[in-house]
Amino acid sequence: MSNLPDEAFRDTIGTIDEGGNRKFIFPKKPSGKFYEYRKIVSYVLLAILVANPFIKVNGNQFMMFNVMERRFNIFGFPFWPQDFYLFVISMLVGIVFIILFTVVFGRIFCGWICPQTIFLEMVFRRIEYWIDGDRGAQSRLARQEWNSEKIRKRLTKWTIFFVISFGIANVFLAYLVGSDQLFLMVEEGPIKQASNFIALLIFTGVFYFVFVWFREQVCIIACPYGRLQGVLLDDKSINVAYDFVRGEKEEGRAKFNKKEDRAVTGKGDCIDCHQCVHVCPMGIDIRNGTQLECTNCTACIDECDTIMESVGLPKGLIRYASEDEIVKKAPFKFTARMKGYTAVLFILLSIFMGMLFLRTDVQAIVLRLPGQLFQHKGDKISNVYTYKIVNKTMKDYHDIHFELIDQKGDIKNVGTQHFKVLKEGISQGTLFIEIEEALLESDKTKVKIGVYNGKELIETTTTNFLGPRSFN
């Protein structure tokens, strides 16, 4: 294994030159079995990503993350600030799921599911291959002087990239402010919807900058997941890996010579063609081992398999494998660490599902007015309260009123006794609870209040009722 690289490569980044300047990558156009699978997965995910904010379930947007108004919809379920605990648990479920997936399958999320990778590799780069050509043509065009051909190609590409970035920004805005607001902006024009229009232009600029210039630097510099994988991966994690045992053997890698038998000469199966490096969108050499920049996109697997087939050597020199599988020939094993993450994920999912089913469509909060004592009203004791009714549904409630449950007494709402709460609306006000003193058993009695829409009980809540310390 004399040709195994030293660790010097870990002190450099493939997209930065020795002077610290940006070095653009011109990867070879990928092809092969895994690339075809990735295209199917990517376009299905793109369709879901674009459709999500425009699909409605029971009047609720399927996916929405309106941070400014603190309104969130996940799979058609509306989440309010009062449901923030559910939102937090759902995020924890997502994080633990990604951690578990990384521990078992490495950075498969980055190569197959991440929107950044999908847009860059399956949309923008494919357009680039169509306009500028493959690796060699792109490299020549970059060095070429600014003649009519280069200007035409650059303007065509940049214009198409801007249009796509504008489209992505519209979808992104629909997630943040809601598709209804997006359509309203289209109807009313940018002047009446100035804030949303400015946000749209900012998002367009950000996406255009990322996909035209910043590109793979997002994965290396901006994304924290790349750093996280270094902590999560171990020798038992399945990753896109180079089989250095087979590729190097006793004499190391060497150029292919069809007249020799590499099994006799002791040379490794790697013919040092560098095609795995040329096709890599991150500009790395997978033969150096697991690296921060690798997104597990599988381009090197497809390219190496093609080369191995052409020279009559077995495929799989670069493949999905763990370090233990390559070195020790050990089969994949579900380790105690993986079982631990699975148990945590199962517990969080169980808690989330339980809370989701217990969640009500209407939330009622009734609190005693701070600083106010009880009052005597003849034989009755009166306490004053504030209330808030949150309607989380897409339907209006027109006949809301309060009644005491399991306690004799009266509830008198300040204003009208019956009121309405509109869809996704909030109603607040003040009410008095009056209970005969003879019915009170202590100076602090817990009372149960029912919230009714007509004759239908839609929510219950409890509060404390204060009374005198001495009783008849």
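The sequence shown begins at -6 in the working numbering and counts up one residue at a time. Beta carbons are placed, not taken as given, at the ideal position from N, Cα and C, and that holds for glycine.
Just checking my contact of residue i with residue j at CB under 8 Å: how many whole Å lie between their CB atoms?
i	j	result
Lys385	Pro71	5 Å
Ala192	Leu166	6 Å
Phe102	Ile91	6 Å
Ser172	Gln75	That belief does not hold up - the Cβ atoms of Ser172 and Gln75 are roughly 24 Å apart, past 8 Å.
Leu341	Val86	5 Å
Cys297	Gly104	Cys297 to Gly104, Cβ: 16 Å. No contact.
Ile120	Ile153	6 Å
Gln410	His394	6 Å
Glu434	Asp372	Wrong, their Cβ atoms sit about 16 Å apart, outside the cutoff.
Note down, in chain order, each residue of its chain lying with its Cβ closer than 6 Å to the Cβ of residue i, except the 5 sequence neighbours on either side.
i	result
Ile41	none
Pro(-2)	Low confidence applies to Pro(-2): its pLDDT is 49, below 50, so where it sits in the model is not reliable, and the reading given next is rough at best. Excluding residues within five positions, the ones whose Cβ falls inside 6 Å are Asn281.
Asp278	Val270
Val337	Val89
Phe159	Thr197
Leu415	Asp389
Val60	none
Gly252	The question names Gly, yet the displayed sequence has Lys at residue 252. Excluding positions up to five away in sequence, the list is empty.
Pro183	Phe190
Val156	none
Gly52	Met387
Ala357	Ile382, Val444, Glu452, Thr454
Ala314	Ala234
What residues are listed by DSSP as bridge partners for residue i?
i	result
Glu466	In the structure as shown, the chain begins at -6 and stops at 465. Residue 466 is therefore absent and cannot be evaluated.
Leu45	A quick correction: the sequence has Asn, not Leu, at residue 45. DSSP lists no partner for Asn45.
Ala256	According to DSSP, Ala256 bridges with nothing at all.
Asp403	Glu427
Glu381	In the sequence on display, residue 381 carries Lys and not Glu. According to DSSP, which records beta bridges pairwise, Lys381 is partnered with Ile358, Gln421.
Thr453	Gly443
Gln54	Lys49
His394	Tyr445
Ala234	Arg312
Phe458	Thr438
Pro71	Asn66
Arg15	Ile9
Phe412	Ile393
His369	Ile374
Asn189	Answer is none; Asn189 lacks a bridge partner.
Asn59	Arg64
Lys242	Lys260
Between which residues of its own chain and residue i is the CB-CB distance below 7 Å, once the five residues before and five after are set aside?
i	result
Val238	Ile319, Val320
Thr480	This structure leaves residue 480 out entirely; the chain is present only between -6 and 465.
Ile67	Met56, Ser83
Phe58	Phe65, Tyr168, Leu169
Arg462	Asp436
Val359	Tyr378, Tyr380, Ile442, Thr454, Thr456
Leu362	Val377, Tyr378, Thr379
Met178	Gln186, Asn189, Phe190
Leu306	Asp262
Thr335	Leu93
Trp206	none
Gln210	Thr8
Asn163	Leu175, Leu193
Thr288	Arg100, Cys103, Gly104, Thr110, Cys212, Met275
What do you reckon, are the CB atoms on residue i and residue j nearer than 8 Å?
i	j	result
Val444	Ile382	yes
Ile9	Arg15	yes
Gly402	Ile419	no
Leu39	Ile106	no
Leu134	Asp125	yes
Gly276	Ile18	yes
Gln109	Cys212	yes
Gln268	Ile300	yes
Lys248	Asp265	yes
Val440	Gly422	no
Arg31	Leu113	no
Gly69	Val50	yes
If I measure Cβ to Cβ from residue i and keep anything under 8 Å in the same chain, skipping five residues before and after, which residues do I get?
i	result
Arg312	Val233, Ala234, Asp236, Ile294
Pro324	Glu318
Tyr28	Thr291, Ala292, Asp295
Glu396	Ile404, Ile442, Gly443, Tyr445
Trp151	Val205
Phe345	Leu79, Ile82, Ser83, Val86
Looking at chain B, is there any beta carbon in it that lies within less than 8 Å of the beta carbon of residue i?
i	result
Met275	Among the chains of the structure shown, chain B does not appear; only one protein chain is present.
Measuring only from the beta carbon, is residue i closer than 7 Å to any heavy atom that is part of the ligand ADP?
i	result
Asp392	For the structure depicted, the ligand ADP is absent and the ligand set is empty, with no information on it obtainable.
- Query: If you pair each beta-carbon of the segment 196 to 205 with each one of the segment 85 to 104, do three or more pairs fall below 8 Å?
  - Reply: no
- Would you check if the segment 349 to 356 and the segment 325 to 341 touch, i.e. whether three or more CB-CB distances between them fall below 8 Å? no
- Message: Would you call the segment 21 to 35 in contact with the segment 137 to 146, where contact means no fewer than 3 C-beta pairs closer than 8 Å?
- Response: no
- Message: Taking 8 Å as the cut-off, does the segment 444 to 455 touch the segment 364 to 372 (at least 3 CB pairs, one atom from each stretch)?
- Response: no
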